[in-house]
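> Below you'll find the structure I mean.
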Amino acid sequence: MLTWKPAPRHEQADEFIKILDLNEFDMALARIERLDAMIDRTIKRLMQLKTMKQMHGQLEPKLIDASATKNLPASGGTESPSTE
């Protein structure tokens, strides 16, 4: 345990640049940017679909049951239904 020495730390900017592979860093950064763009497009499509679904629900016509409105008594009871 007394002979164990920690690895030297690269604390200066020059030392950090020496151990960093700039090509690999650029490729990783480009990958992250592509993933961010894909996520943004997916969220945008999701929001568009949700909005379209809400709009479709508002535009859908209400169905009226014609059989329920045929033999309704007149309001107030003053008119009698026709017996023809």
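Residue 10 is where the sequence shown starts when you use my numbering, and the numbers rise one by one after that. Idealized CB from N, CA, C, for every residue including glycine. Note that the coordinates shown come from a computational prediction; the quantities given were computed from them, not determined experimentally.
1. Report the rounded CA-to-CA distance for Q67 versus N32, giving the unit in angstroms.
2. Could you check what DSSP says for R54 in three-state terms: helix, strand or coil?
3. Mapping the DSSP letters down to three states, classify D45 as helix, strand or coil.
4. Could you give the first and the last residue of the continuous alpha helix (DSSP H) run that contains E24?
5. Please tell me whether, using a cut-off of 7 Å, the distance from the CB of P17 to the nearest non-hydrogen atom of the ligand COA is below it.
6. To the nearest angstrom, report how far apart D23 and A37 are at their CA atoms.
7. Return helix, strand or coil for K62, following the three-state DSSP convention.
Per the coordinate set shown:
1. Working through the sequence shown from its first residue, we reach residue 67 at position 58. Working through the sequence shown from its first residue, we reach residue 32 at position 23. Near 53 Å, if we compare the C-alpha coordinates of N32 and Q67.
2. Mapped onto the sequence shown, residue 54 falls at position 45. Three-state DSSP puts R54 in a helix.
3. The residue you call residue 45 lines up with position 36 of the sequence shown. Looking at D45 - three-state DSSP - the assignment turns out to be helix.
4. The residue labelled residue 24 in the question sits at position 15 within the sequence shown. Residues 22-28.
5. The model on display carries no ligand, and the ligand COA is accordingly not part of it.
6. Numbered from its first residue, the sequence shown carries residue 23 at position 14. Numbered from its first residue, the sequence shown carries residue 37 at position 28. Roughly 21 Å between the two C-alpha positions.
7. On the sequence shown, residue 62 is found 53 positions in, with the first residue counted as 1. Reduced to three states, the DSSP call for K62 is helix.
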